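*Asks:*
There are 2 protein chains.
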Amino acid sequence: MKESPRSNAEQSGSTPESALGTRDRIVRAASVLMQRQGYDGTGIKQIAQEADATLGSLYHFFPGGKQELATAAIDHGNREFVEALNASLDGAEDPARALAEFALGLADRLAESDWVDGCPISTTALGSVGRLPDVQSAAAQAFAHWRGLVSGALVKAGIARAEADELAHTVISTLEGAELAAQVSASRVPLEMAAKHLAQLVDAHR
Amino acid sequence: MKESPRSNAEQSGSTPESALGTRDRIVRAASVLMQRQGYDGTGIKQIAQEADATLGSLYHFFPGGKQELATAAIDHGNREFVEALNASLDGAEDPARALAEFALGLADRLAESDWVDGCPISTTALGSVGRLPDVQSAAAQAFAHWRGLVSGALVKAGIARAEADELAHTVISTLEGAELAAQVSASRVPLEMAAKHLAQLVDAHR
DNA sequence: GTCTATAATAGGATAGAC
DNA sequence: GTCTATCCTATTATAGAC
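Chains D and X, in that order, are what the protein sequence lines are.
Under our numbering, the first sequence has 66 at position 66, and the numbering climbs by one with no breaks.
For our numbering, add 206 to where a residue sits in the second sequence, where the first one is 1.
1) Using beta carbons (cut-off 9 Å, strictly below), is R212 of chain X in contact with chain D?
2) Alpha carbon to alpha carbon, how far is A350 of chain X from T221 of chain X? Give it in angstroms, no decimals.
3) Considering only the alpha carbon of each residue, which of D:H76, D:D24, D:L132, D:A160 lies closest to L58 of chain D?
4) In this structure, how does DSSP classify A138 of chain D when only helix, strand and coil are distinguished?
5) Applying a beta-carbon distance threshold of less than 9 Å, which residues of chain X neighbour G38 of chain D?
6) Find out if the Cβ-Cβ distance for the pair W321 of chain X, Q252 of chain X is shorter than 9 Å.
7) What distance in whole Å lies between the Cβ atoms of M240 of chain X and A414 of chain X, which are believed to be in contact at a cut-off of 8 Å?
8) Which of the three DSSP states is assigned to Y245 of chain X in this structure?
9) By the 9 Å beta-carbon criterion, what residues does the segment 381 to 409 of chain X contribute toward chain D?
10) Who are the Cβ neighbours of A216 of chain D in its own chain at under 6 Å, not counting the five residues just before and after it?
11) Return helix, strand or coil for I159 of chain D, following the three-state DSSP convention.
12) Strictly under 9 Å for the Cβ-Cβ distance: is T221 of chain X near chain D by that measure?
13) Kindly list, in the order they appear in chain X, the residues whose Cβ is closer than 9 Å to that of D114 of chain D.
14) Among D:R36, D:A70, D:T22, D:R79, whose alpha-carbon lies nearest the alpha-carbon of A53 of chain D?
15) Whole angstroms are fine: how far does the CA of L89 of chain D sit from the CA of R161 of chain D?
16) Mind pulling the alpha helix (DSSP H) runs of 4 or more residues that sit fully within the segment 218 to 306 of chain X?
17) I need the DSSP call for V335 of chain X, collapsed to helix, strand or coil.
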């Protein structure tokens, strides 16, 4: 048990940065910056500055340095995405339609952010392959988690577990790829097509 | 007309690096390194070293520096992917099967390279969004080009142009996302599922 | 076209006072 | 827990000889 002064709300809903503890501010800053600039494109000093923290504080909470911080940032992005995905899938009786609407929601978020707020982990994850084992492994776990959520929703809708697991792979892959293409092309179209075709694919398996 | 000493073959087939001109060696080294490490993770000096060239030569051919070189590397990766895609689609009468085999070929290449040889441009492209306009635009053009090739193959197989264009978006997105997931997870499964479901999706539209 | 040397700056990480 | 100052190395890019 740590005696942390945390009477304030610290859910990710819409807590003002100023009300968060130092550690959380650092993780959030790292998450946002690495999402947009990747691991190598984001500096430790930039993270500290954006988080209104000092280098001393940063290395106090993350003695493992940049790599440990990146792993925490991936975990944070994971939770963020899980929350959004659950909000779309939880009470939906038609998962095909729910997934399509989720994809269109991603397109909205992208367009509003001028195409920079894509998947919270893919940029960092892709740059970590074969080079940053802890980061890569955190990202792999996140992807597996997301597939699990999708598969669960498909099973609930009557699809057999084995088939649902297979479909979940393609659902997540297609969402990832479409978001990447949408960002690079600065266009909603890839995500709109993903929404349409994923719905068709899921419907074809019922 | 430039008077270049180029009696040697310079197709991308299997030319030994030593037989290439300095400029080509630099572009190839940049392409490979940025594919694996991204734009920010790859140093100009590392590129020069890997290409057996000096910094002076590098800046002679690319006075625009790293950004101009990255753009050339994207163009190179684009041509590489186009060649592979054409080889799979060109004489195929069944595009669904051809795309599935292409996806499995990507999985082979990935596994053989210990999951580092993924899409030649996606890492650099994703890291360029909103930060390196020339690089991003070259990547966007490449994606559009690939979609055009897929759409063409689908039209040849009897699918209406409008529908083929839509499907091509999802085909490329899914391949991109599945390759990303396969790399991060160090597993063939995402690409195997993409192969299966893309074939189903295309077949459902004939 | 190619080479070496170097300028100018930013990178990650640490030390030690408070 | 937080702060500043600093070490050491790497970075992109340029200069000017050859």
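Where a beta carbon is used, it is the ideal one built from N, C-alpha and C, also for glycine.
Predicted model only: the values in this text are computed from it and were never measured.
*Replies:* In this structure, then:
1) Its pLDDT being 40, under 50, R212 of chain X is placed unreliably in this model, and the value from its coordinates should be taken loosely. False, the Cβ-Cβ gap to chain D never drops below 9 Å.
2) 28 Å
3) D:D24
4) helix
5) Result: G244, Y245, D246, G247, T329, L332, G333.
6) no
7) Since the displayed chain X opens at 207 and closes at 412, residue 414 of chain X lies outside it and no answer follows.
8) coil
9) L381, E382, G383, A384, E385, L386, A387, A388, Q389, V390, S391, A392, S393, V395, P396, L397, E398, M399, A400, K402, H403, L404, Q406, L407
10) Past the edges of chain D, shown from 1 to 206, lies residue 216 of chain D, and the structure says nothing about it.
11) coil
12) no
13) G336
14) Checked all of D:R36, D:A70, D:T22, D:R79; the closest Cα to A53 of chain D is D:T22.
15) Taking C-alpha positions only, R161 of chain D is separated from L89 of chain D by approximately 17 Å.
16) 228 to 243, 250 to 256, 261 to 267, 271 to 295
17) coil
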